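If you read the sequence shown in our numbering, its first letter stands for residue 8, the second for the next number, and so on. Heads up, the beta-carbon is just placed ideally off N, CA and C, and yes, glycines get one too. As the structure is a computational prediction, the values presented were derived from the model and not from experiment. Note sheet for the following structure.
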Amino acid sequence: MVLQVHNDIVNSVTFSADNRKIVSASDDHTVQICDVASGKQLQIFIHTDRVFAARFSPDGNTIVSCLCDGTIRLWDINTGTEIMKLENDYNKILDIHFSPDGRYIVLGLQDNTIRLCDVNSGIEIKQLLGHSTSVSNTKFSPNGKMILSSSSIDKIINLWNVESGERLKQFKGHSNGKFIISCSFDMTIRIWDIETEREIKIFKINSNYLKDIKYLPNNQIIASCSNDNTIQLWNAKSGNEIKKLKFIL
Numbered sequence: 008m009v010l011q012v013h014n015d016i017v018n019s020v021t022f023s024a025d026n027r028k029i030v031s032a033s034d035d036h037t038v039q040i041c042d043v044a045s046g047k048q049l050q051i052f053i054h055t056d057r058v059f060a061a062r063f064s065p066d067g068n069t070i071v072s073c074l075c076d077g078t079i080r081l082w083d084i085n086t087g088t089e090i091m092k093l094e095n096d097y098n099k100i101l102d103i104h105f106s107p108d109g110r111y112i113v114l115g116l117q118d119n120t121i122r123l124c125d126v127n128s129g130i131e132i133k134q135l136l137g138h139s140t141s142v143s144n145t146k147f148s149p150n151g152k153m154i155l156s157s158s159s160i161d162k163i164i165n166l167w168n169v170e171s172g173e174r175l176k177q178f179k180g181h182s183n184g185k186f187i188i189s190c191s192f193d194m195t196i197r198i199w200d201i202e203t204e205r206e207i208k209i210f211k212i213n214s215n216y217l218k219d220i221k222y223l224p225n226n227q228i229i230a231s232c233s234n235d236n237t238i239q240l241w242n243a244k245s246g247n248e249i250k251k252l253k254f255i256l
């Protein structure tokens, strides 16, 4: 399947909760939603700068996006209109995710920090410090009580307590709440056990610079996007490629 939608690097890709849609963010200043089965473009959201990440809200009605200029935007999927624009003094926001209840967003910044903010007000609630380089990925645990953060440069994955801000665990090297998945500049995908902190599985990827990676809600399939403008689907158990979606420039 070929998706002819973006005309520059794809920075992030995420599936909707029902696995029927993909939302992607790109350096071409757009966020786009596509139908997984047909590959048809459903919606496009125009931005004023490079978009580093875009995610569905838990109820599937809203998209949140973060830009190179540090702004955050919320979009109504049903109407295609911008709901809110949050401007702040942050530098580049590299990643963004909703909490499971949709009340908060977690940000990964180029200044090595993780920020927790209220969705409705945009007010920063908490700042987490624990990386020595820019934070490229952040995500809430399924129960919303923990935050996972990673940086490909410092090769560290941190697990945080949301309420206290305490760092619970640190994975060095390079979710369904039991496992976490990571990707790195070494072109590997690794699966880790949170309880034991052990690496369970590793498989090499034949691609050009992995940018982002996510479990599908069923935890059986992994989706990745790369600098070569492709989205790939992988069998989480075997590591075999299931499908490759190419964005033609």
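When you compare each of the options to residue i by their alpha carbons, which one comes out closest?
| i | options | result |
| --- | --- | --- |
| R299 | I112, S106, P65 | Here the chain covers residues 8 to 256 and nothing more, so residue 299 does not appear. |
| R174 | L136, V38, S189 | L136 |
| M194 | E89, S233, N95 | S233 |
| P65 | Q117, N119, P107, S171 | P107 |
| M91 | I163, S72, E170 | S72 |
| K221 | N242, I188, R122 | I188 |
| G129 | Y97, S148, D25 | Y97 |
| N18 | D25, L49, D35 | D35 |
| S158 | D118, N26, T78 | D118 |
Name the DSSP beta bridge partners of residue i, please?
| i | result |
| --- | --- |
| E104 | First, the residue type needs correcting, since residue 104 is His and not Glu in the sequence shown. DSSP output for H104 lists V113 as bridge partner(s). |
| R80 | S72, K92 |
| I198 | I188, K208 |
| D42 | K28 |
| Q134 | R122 |
| I154 | F147, W167 |
| T21 | V30 |
| I249 | Note: I249 sits in no beta bridge, so no partner. |
| I16 | Answer is none; I16 lacks a bridge partner. |
| Q239 | S231, K251 |
| K176 | L166 |
Considering just the uninterrupted stretch of the beta strand (DSSP E) at residue i, what are its terminal residues?
| i | result |
| --- | --- |
| D125 | 120-125 |
| R62 | 58-63 |
Between residue i and residue j, is the Cβ-Cβ spacing less than 7 Å?
| i | j | result |
| --- | --- | --- |
| K176 | L166 | yes |
| I132 | L114 | no |
| K28 | I16 | no |
| A44 | V38 | no |
| L101 | S143 | yes |
| S23 | F63 | yes |
| S156 | T140 | no |
| W82 | F105 | no |
Taking 6 Å as the cut-off, is the beta-carbon of residue i closer than that to any non-hydrogen atom of the ligand FAD?
| i | result |
| --- | --- |
| S33 | Because no ligand of any kind appears in the structure shown, any question about the ligand FAD cannot be addressed here. |
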